[in-house]
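Protein chains in written order, with the numbering used here: chain B, 58 to 242; chain A, 58 to 242.
For every residue, glycine included, the Cβ atom is placed at its ideal position computed from N, Cα and C.
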DNA sequence: TAGATATTTCAGAAATTACCGAAAGCAGGA
DNA sequence: TCCTGCTTTCGGTAATTTCTGAAATATCTA
């Protein structure tokens with residue numbers, strides 16, 4: 058597939074950014090390519106376009122499937138697998154959030170729980186330190202619980218909630234004026 | 058400072074996790090140490106405890122200050138700088154969120170905006186591809202705007218909002234039963 | 001101002017992570 | 001069953017990131 062300059066720049070930037078999002082560069086570029094292409098592409102065409110090894114594409118596709126960001130499809134008369142990107146951005150964001158929670162929050166929670174259960178066997182730790190570990194565990198757990206509650210909301214409800222957020226910000230915090238413009242940092 | 062087994066495990070796990078959070082391992086360990094210590098520590102004591110080079114501590118502390126996760130303090134009769142961790146977890150989470158937005162969202166938005174402005178000079182790109190770029194830009198911009206609106210809410214309002222989230226989930230989505238237990242994956 | 005201690009900077013070493021290409025593994029069709 | 005086209009795995013290499021130790025800088029005391 059031939060990329061126009063803007064498309065190329067889109068793909069390259071996604072690659073850059075992807076690495077800050079927990080995807081690696083190639084994985085992110087492949088997603089970007091599929092997103093911008095808007096049609097199913099086979100692995101070899103992806104490799105051609107991005108100038109990376111086929112094997113690398115294969116691995117990356119595997120990862121994208123784990124994130125559920127792309128889907129396998131088939132074309133009649135072609136037994137190669139083709140892949141399309143998830144184009145609904147709410148879904149995309151949700152998938153990324155889900156995977157990141159799984160990688161970033163859940164293991165932390167587990168580790169903290171283990172710390173708390175080991176506390177009784179540790180006579181070298183102070184009461185206050187234990188309290189701080191407990192506080193962190195509790196905090197993460199409630200954040201995690203909240204996330205799980207809203208995770209499955211349909212998009213429309215989520216939008217409602219976001220509007221409510223804005224309202225809460227404006228009505229219930231009279232000390233702050235509602236902003237008309239974004240503040241600079 | 059002597060670490061008890063549980064404290065050590067806490068610090069090590071934070072180190073592991075920190076790297077998934079955008080901090081590097083040492084930076085995260087230092088934060089964890091300061092958090093668990095619950096009192097100001099000087100740089101050399103940190104280096105001793107974690108067995109890392111003093112210079113490394115210096116660099117990491119600089120980064121933690123950029124994240125605003127620690128603060129410099131002084132003890133009378135000691136001219137060394139001491140450092141304490143931010144112990145309020147809401148604040149901690151907010152700081153991490155802020156920095157991540159700055160690193161992950163803002164540059165992406167800028168790149169997308171650049172793509173859109175370059176579109177007129179690119180005759181090789183299709184209308185639908187442009188529409189997809191525009192969609193992504195719009196999505197990120199509104200998410201970013203929402204974040205900015207709730208960012209400055211005091212903790213109490215945020216908690217209100219979270220409760221509202223739960224309510225919206227339960228009352229307005231009658232198709233889904235409210236869960237009593239977490240699902241397994 | 002000298003002398004001592006504390007802190008930062010920086011170039012290279014060490015460790016981690018991503019990538020490639022060769023070869024093995026797996027299906028569907030003859 | 002074998003053949004054919006594709007996918008996956010794996011060992012080695014390249015690139016990137018993190019860490020260190022030495023030197024430079026800054027700050028306090030006398």
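Beta-carbon gap between residue i and residue j smaller than 8 Å
| i | j | result |
| --- | --- | --- |
| residue 198 of chain B | residue 74 of chain A | no |
| residue 196 of chain A | residue 146 of chain B | yes |
| residue 123 of chain B | residue 114 of chain B | no |
| residue 175 of chain B | residue 63 of chain A | yes |
| residue 58 of chain A | residue 121 of chain A | no |
| residue 61 of chain B | residue 181 of chain A | yes |
| residue 95 of chain B | residue 85 of chain B | no |
C-alpha gap between residue i and residue j, whole angstroms
| i | j | result |
| --- | --- | --- |
| residue 190 of chain A | residue 126 of chain B | 17 Å |
| residue 130 of chain A | residue 173 of chain A | 47 Å |
| residue 167 of chain B | residue 133 of chain A | 40 Å |
| residue 117 of chain B | residue 185 of chain B | 45 Å |
| residue 223 of chain B | residue 206 of chain A | 6 Å |
| residue 144 of chain A | residue 202 of chain A | 28 Å |
| residue 183 of chain B | residue 158 of chain A | 36 Å |
| residue 139 of chain A | residue 106 of chain A | 15 Å |
| residue 88 of chain A | residue 179 of chain B | 22 Å |
| residue 119 of chain A | residue 150 of chain B | 32 Å |
| residue 83 of chain B | residue 70 of chain B | 11 Å |
Minimum Cβ-Cβ distance from residue i to chain B less than 8 Å
| i | result |
| --- | --- |
| residue 222 of chain A | yes |
| residue 140 of chain A | no |
| residue 128 of chain A | no |
| residue 107 of chain A | no |
| residue 241 of chain A | The predicted position of residue 241 of chain A is uncertain, since its pLDDT is 37 and thus under 50; a value taken from the coordinates is nonetheless stated next. Cβ-Cβ to chain B under 8 Å: no for residue 241 of chain A. |
| residue 62 of chain A | yes |
| residue 234 of chain A | Only weak support is given to the placement of residue 234 of chain A: the predicted model assigns it a pLDDT of 47, under 50, and the value that follows is read from those uncertain coordinates. Chain B, which has no Cβ nearer than 8 Å to the Cβ of residue 234 of chain A, makes this no. |
| residue 114 of chain A | no |
| residue 237 of chain A | With a pLDDT of 45 at residue 237 of chain A, under the threshold of 50, the predicted position of this residue should be treated as unreliable, and no value is reported. |
Close Cβ partners of residue i (< 6 Å) along its chain, the five nearest in sequence each way excluded
| i | result |
| --- | --- |
| residue 93 of chain A | 64 and 67 |
| residue 137 of chain A | 99 |
| residue 155 of chain B | none |
Minimum Cβ-Cβ distance from residue i to chain A less than 8 Å
| i | result |
| --- | --- |
| residue 121 of chain B | no |
| residue 186 of chain B | yes |
| residue 104 of chain B | no |
| residue 66 of chain B | yes |
Cβ distance (whole Å) where residue i is taken to contact residue j below 8 Å
| i | j | result |
| --- | --- | --- |
| residue 221 of chain B | residue 221 of chain A | 6 Å |
| residue 109 of chain B | residue 128 of chain B | With a Cβ gap of about 21 Å, residue 109 of chain B and residue 128 of chain B do not count as contacting. |
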